[in-house]
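Written below as structure tokens is the structure these notes are about.
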Amino acid sequence: MLEVKNLCKHYGGIKAVDGATFAVERGSITALIGPNGAGKTTAFNCISRTVTPTSGEVWLDGERIDQLRPHKITAKGLSRTFQISRNLSDMTVIENVIVQSRVEGIRGLLRPAMSAEERDKAMAILDFLGITRIAYEDGHNLSYGQKKLMDLAALLMSDPKIILLDEPAGGVNPTLMEEIIGHIRALNEKKGLTVLIVEHNMELIMRLSHRVVVMAQGRVICDGPPEMVRKDPQVLDAYLGGV
Ligand code: ATP
42 MLEVKNLCKH
52 YGGIKAVDGA
62 TFAVERGSIT
72 ALIGPNGAGK
82 TTAFNCISRT
92 VTPTSGEVWL
102 DGERIDQLRP
112 HKITAKGLSR
122 TFQISRNLSD
132 MTVIENVIVQ
142 SRVEGIRGLL
152 RPAMSAEERD
162 KAMAILDFLG
172 ITRIAYEDGH
182 NLSYGQKKLM
192 DLAALLMSDP
202 KIILLDEPAG
212 GVNPTLMEEI
222 IGHIRALNEK
232 KGLTVLIVEH
242 NMELIMRLSH
252 RVVVMAQGRV
262 ICDGPPEMVR
272 KDPQVLDAYL
282 GGV
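Counting in the numbering used here, the sequence shown runs from 42 upward without gaps.
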């Protein structure tokens, strides 16, 4: 469904992504892992076109998307979350969910006027995630975990086919991690969404993913089922700083 071919993103002499090639199969949960600085978030940014790749190609459903603007990519069915929540603290959760789904550059936006249709859709998504009780809570009252769930809700407003999750369980407690695992699994199994996930939590990755792509120093060094990747000497070496 998603194909990344020879992707490069260079910042001056820094090769953040350096010829990465991998694919995400339709209906799968694929994890993108690697040590700090491996280029995972930069790869995400290139795929969603938050940054412009230096070279390489990204294909979605047989169509090249690396030259499209971010909102066009969203319209084609690819949405992503960010490592840091884009919570606008002076808006309620439901306003956040709606406004974040509308535009690519969200800073400085006014409180959105909601159509009944948008509100109903947002409420149905909050319900799916079990957070309708915080729909009218102000952004600045949210816990860290609630922000993570709100970001997930915003992502679903665009009816994506494939979602890119950047550290969805980063810094959350074990109870919330279980909840997030449940939501991701439900989105994959019940709603048929394809998932690409960057996450440092190995337990989550091993339990959730069908396939794991490992990056180190901007390149893909291993790609396969979790049990295989876990034992791969190059992967073990990369995590110990040997690559
Ligand atoms: P982490 O797991 O720590 O989030 P990562 O695998 O997501 O790491 P990236 O954040 O993609 O790695 O960074 C890859 C490399 O590119 C790092 O060396 C980082 O310092 C560098 N880098 C990323 N963004 C920029 C930028 N805007 N300007 C310069 N260098 C950058």
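Note that beta-carbon positions come from the ideal geometry of N, C-alpha and C, so glycine has one too.
Item	Value
Segments assigned alpha helix (DSSP H), at least 4 residues, entirely inside the segment 223-269	243-249
Reduced DSSP secondary structure (H/G/I, E/B, other) of ARG121	strand
Close Cβ partners of ARG148 (< 6 angstroms) along its chain, the five nearest in sequence each way excluded	Low per-residue confidence applies at ARG148: pLDDT is 45, beneath 50, and the placement is therefore not dependable, though the value from the model is reported in the following sentence. Nothing meets the Cβ criterion.
Endpoints, the alpha helix (DSSP H) within which HIS112 is located	111-116
Own chain partners of PRO267 with C-beta closer than 6 angstroms, once the 5 adjacent residues on each side are dropped	MET247, SER250, VAL253
C-beta contact flag for PRO209 and SER120 at 7 angstroms	no
Cβ-based neighbour list, LYS170, same chain, cut-off 7 angstroms, excluding 5 preceding and 5 following	It should be pointed out that residue 170 corresponds to Leu in this sequence rather than to Lys. Contacts found: LEU190, LEU193, ALA194, HIS224.
ALA61 versus VAL99: straight-line alpha-carbon distance, rounded	11 angstroms
Proximity winner among MET42, ALA64, GLY54, relative to LEU48 (alpha-carbon distances)	ALA64
CA-to-CA distance, LYS272 to ALA257, given in whole angstroms	16 angstroms
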